[in-house]
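**Q** If you scroll down you'll find the structure; I have some questions about it.
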Amino acid sequence: YHMTLFDWDLFWSVHEYELLYQTFGRLRFSQITANLDVFLRRFNEIQYWVITELLLTPNLSKRVQILRKMIKLACYCKEYQNLNAFFAVVMGLSNVAVSRLSLTWEKLSSKSRKIFTELESLIDPSRNHRNYRSYVGKLQSPVIPFMPLLIKDMTFVHEGNKTCVDGLINFEKMHMLAQTMRTLRYCRSRHLVLEPPSPKNESEVRSYISCLRTIDNQRVLTALSQKLEPRRS
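Take the sequence shown: its letters are residues 309 to 541, numbered as in my numbering.
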């Protein structure tokens with residue numbers, strides 16, 4: 309709940325033009341894409357936070373508990389249609405430093421493992437993220453979309469098509485870019501209204517969510533992972 313509210317505020321702050329500036333001239337317009345940059349950094353922050361929390365838990369049973377909670381968190385993100393955070397959490401759990409923790413995964417209930425397999429299928433990048441596109445296409449606004457894919461779509465259109473053809477504006481290209489912009493607009497066409505949970509320690513939770521502890525160095529994470537569960541001979 310609190311994560312989605314925090315992420316929604318970041319998403320709401322991103323202006324549509326920032327996606328165009330990001331696509332057409334990242335270096336020239338770096339200051340104008342500040343809100344988008346913050347939102348994209350948030351994706352990485354959540355992803356690395358998931359990995360960090362697991363790898364900084366030396367006790368196996370506690371680690372299994374955290375793993376179960378992270379899968380539950382991914383389910384909540386999906387339920388609240390916070391698909392940016394959903395991708396970040398599931399990708400964090402799929403990171404090799406976490407996926408190799410066989411002792412931890414083995415102790416997880418078969419029900420939780422089954423749920424995670426279903427969640428993973430939604431982030432499957434094959435066929436141009438077909439599963440995700442099919443899923444998100446059926447959702448009603450408000451939605452926090454998987455932002456890196458929107459940017460990838462716009463970059464693909466921009467780099468694969470000339471802006472001008474024979475001295476004339478390539479309107480087909482502009483139409484394709486506009487489609488992605490319309491997706492963004494639709495996601496925010498309604499305000500986010502969520503039923504708040506019990507107000508217990510609300511300010512503490514908000515403060516924690518806004519500043520997640522992360523280790524974002526893959527080499528360090530892999531070393532921590534191998535220390536927790538050395539490779540079996």
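Glycine is no exception: its CB is placed at the ideal position from the N, C-alpha and C atoms.
Tell me the DSSP bridge mates of residue 472?
**A** Residue mapping note: residue 472 aligns to position 164 of the sequence shown, counting from 1. Looking at the DSSP assignment, residue 472 forms a beta bridge with 477.
**Q** Output the distance between the C-alpha atoms of residue 367 and residue 539, rounded to the nearest integer angstrom.
**A** Locating residue 367 in the sequence shown gives position 59, where the first residue counts as 1. Locating residue 539 in the sequence shown gives position 231, where the first residue counts as 1. Rounded to the nearest angstrom, the two C-alpha atoms are 17 Å apart.
**Q** I'd like the span of the alpha helix (DSSP H) that includes residue 374, first residue to last.
**A** Your numbering for residue 374 matches position 66 in the sequence shown. Start and end: 368-387.
**Q** If you follow the alpha helix (DSSP H) that residue 318 is part of, which residue opens it and which one closes it?
**A** Residue numbering aside, residue 318 sits at position 10 when the sequence shown is read from its first letter. Looking at the DSSP string, the run of the alpha helix (DSSP H) that includes residue 318 is 310-321.
**Q** Leaving aside the five residues before and after residue 343 along the sequence, list all residues of the same chain whose C-beta is less than 7 Å from its C-beta, in chain order.
**A** For the purposes of this step, residue 343 is taken as residue 35 along the sequence shown, with counting starting at 1. Hits under 7 Å: 321, 322, 323 and 326.
**Q** With three or more C-beta pairs closer than 8 Å as the rule, is the region 483-498 touching the region 449-469?
**A** yes
**Q** What's the C-alpha gap between residue 422 and residue 317?
**A** Along the sequence shown, read from residue 1 onward, the residue named residue 422 stands at position 114. Along the sequence shown, read from residue 1 onward, the residue named residue 317 stands at position 9. Going from the Cα of residue 422 to the Cα of residue 317 covers about 32 Å.
**Q** Spatial neighbours of residue 395 within its chain, please: CB distance less than 7 Å, with the 5 preceding and 5 following residues excluded, ordered by chain position.
**A** Counted from its first residue, the sequence shown places residue 395 at position 87. Contacts found: 431 and 454.
**Q** Could you pull the DSSP bridge partners for residue 403 from this structure?
**A** If you number the sequence shown from 1, residue 403 lands on position 95. In DSSP, residue 403 forms no bridge with anything.
**Q** What is the DSSP secondary structure of residue 390, counted as helix, strand or coil?
**A** Counted from its first residue, the sequence shown places residue 390 at position 82. Looking at residue 390 - three-state DSSP - the assignment turns out to be strand.
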